[in-house]
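Here is the structure we will look at, set down as structure tokens.
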DNA sequence: TTATTAAATAGGAATTATTCTTATTTGTCA
DNA sequence: TGACAAATAAGAATAATTCCTATTTAATAA
């Protein structure tokens, strides 16, 4: 643990500011997360962390990443990790997803529909779908 | 099969227009899907379909719903059903997801960031997150 | 109408993601 | 330093998704 003691100043400070207990696992997971600009999955982070901490469990990586996101150290891409949902409605619309009960509410937003795509996507990409996703708490869960 | 023979005119026509083979399973799954305004999961549709066709398999419901979405009869909410992805970037940004390789590309869109939320969400809801999600093919997969 | 053939299906196994349980270990704080 | 709540490992449990194989069925041509 000597190495851990001396290094990880920045990670240590981040955890402290969030009121999270400072553990070896968290320091390393946080460092790996920050190294990944590619929207890593739990599996990717777990693999990376195992190189420094071979006995770390998937569950710990999972729990830790989720608490990081609750603490605001990272975000989770909305909706991913949930069961697939199908939508029979064929008119253009967007979705609000309740973070508590999972309910999905449709809404329209023509101002958005009319926005131009950023120019990055003009070359090379084929954009097949374009939608707004809101998340938060629905009225029922807001009590 | 008498009942099936006589009814399901509309469903039959929809399948035909999409060039999908007409099977009892598909007719019933399509009817159930159209009855669900609540963004059903495979499990929800499977449960509903089993009442009319007790021996239907999950796999059939799965395959069928996915072919419906390929045929344009419905859509799948982007990203759902995939492994959870974490994002260490803390500035406001949005995502493009490649439907083929799953790669996620970040982009900024201030015009969108400045849009007002639809008034529906002013009362009762707490909107914690607001993002644009694009999907399609990335340059690498576009060949 | 019937035979042919490719596509669709059932059933269950396999895979993958996620969550839970329990016993043990470790920070934190008084 | 000691007590205690929180965090962890390990593996089991659950849930979502995909795959495999033998069988059935719809579409179509004769």
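Protein chains in written order, with the numbering used here: chain A, 1 to 143; chain B, 1001 to 1143. No residue lacks a Cβ here, since even glycine has one placed at the ideal position from N, Cα and C. Small disclaimer: the values here were computed from a predicted structure and weren't measured.
Member of the options whose CA lies at the smallest distance from the CA of residue i
i, options, result
"residue 132/A", "1056/B, 1093/B and 1023/B", "1093/B"
"residue 1115/B", "110/A, 118/A and 119/A", "110/A"
"residue 1117/B", "117/A, 27/A, 108/A and 121/A", "108/A"
"residue 1024/B", "1089/B, 1130/B, 1079/B and 1012/B", "1012/B"
"residue 1134/B", "1120/B, 1122/B, 1074/B and 1112/B", "1112/B"
"residue 26/A", "43/A, 38/A and 53/A", "53/A"
"residue 89/A", "1075/B, 1099/B and 1081/B", "1075/B"
"residue 119/A", "1106/B, 1121/B, 1007/B and 1016/B", "1106/B"
"residue 126/A", "1043/B, 1098/B, 1103/B and 1079/B", "1098/B"
"residue 193/A", "15/A, 30/A, 103/A and 104/A", "The requested residue 193/A does not occur in the structure, where chain A is confined to residues 1 to 143."
"residue 1121/B", "142/A, 46/A and 80/A", "142/A"
Neighbouring residues, chain B, relative to residue i (Cβ below 8 Å)
i, result
"residue 132/A", "1112, 1130, 1131, 1132 and 1133"
Three-state secondary structure (DSSP) of residue i
i, result
"residue 1094/B", "strand"
"residue 82/A", "coil"
"residue 1087/B", "strand"
"residue 35/A", "helix"
"residue 123/A", "coil"
"residue 1/A", "Low confidence applies to residue 1/A: its pLDDT is 42, below 50, so where it sits in the model is not reliable enough to give any reading."
"residue 29/A", "helix"
"residue 107/A", "strand"
"residue 1021/B", "coil"
"residue 115/A", "coil"
"residue 141/A", "helix"
"residue 132/A", "strand"
"residue 1075/B", "strand"
"residue 1048/B", "helix"
"residue 1008/B", "coil"
"residue 64/A", "helix"
Buried versus exposed, by CB contacts within 10 Å (16 or more), residue i
i, result
"residue 1072/B", "exposed"
"residue 1128/B", "exposed"
"residue 1084/B", "buried"
"residue 57/A", "exposed"
"residue 101/A", "exposed"
"residue 136/A", "buried"
"residue 1140/B", "exposed"
"residue 91/A", "exposed"
"residue 1087/B", "buried"
"residue 1130/B", "buried"
"residue 1124/B", "exposed"
"residue 1001/B", "Annotation note: pLDDT 42 at residue 1001/B (below 50); position unreliable, no value reported."
"residue 1039/B", "buried"
"residue 95/A", "buried"
"residue 1059/B", "exposed"
"residue 32/A", "buried"
"residue 9/A", "exposed"
"residue 1043/B", "exposed"
"residue 1003/B", "Any reading at residue 1003/B needs caution, since the residue's pLDDT is 46, under 50, leaving its predicted position unreliable; the model's value is listed next. It counts as exposed."
Chain A contact residues for residue i, given Cβ-Cβ distances below 8 Å
i, result
"residue 1060/B", "Chain A residues near residue 1060/B: none, gap ~14 Å exceeds 8 Å."
"residue 1015/B", "Within 8 Å Cβ-Cβ: nothing; residue 1015/B doesn't reach chain A, min ~14 Å."
Interface partners of residue i on chain B, CB under 7 Å
i, result
"residue 18/A", "Per Cβ cutoff of 7 Å: no residues; residue 18/A is ~13 Å from chain B at best."
"residue 101/A", "Within chain B, no residue comes near residue 101/A; the closest Cβ sits about 12 Å away, beyond 7 Å."
"residue 88/A", "1033, 1034, 1036 and 1074"
"residue 65/A", "1086"
"residue 115/A", "1111 and 1112"
Interface partners of residue i on chain B, CB under 9 Å
i, result
"residue 228/A", "Nothing about residue 228/A can be reported from this structure: the residues present for chain A run from 1 to 143 only."
"residue 95/A", "1039 and 1077"
"residue 120/A", "1096, 1105 and 1107"
Neighbour list for residue i in chain A, Cβ cutoff strictly below 9 Å
i, result
"residue 1071/B", "Those do not exist, as residue 1071/B stays about 12 Å from chain A at its closest Cβ, beyond 9 Å."
"residue 1083/B", "41, 42, 43, 80 and 81"
"residue 1104/B", "38, 39 and 77"
"residue 1125/B", "96, 98, 105, 134, 136, 137, 138, 139 and 142"
"residue 1008/B", "Per Cβ cutoff of 9 Å: no residues; residue 1008/B is ~16 Å from chain A at best."
Inter-stretch contact at 8 Å, needing at least 3 Cβ pairs: the region 59 to 76 of chain A / the region 15 to 33 of chain A:
Result yes; three or more Cβ-Cβ pairs closer than 8 Å.
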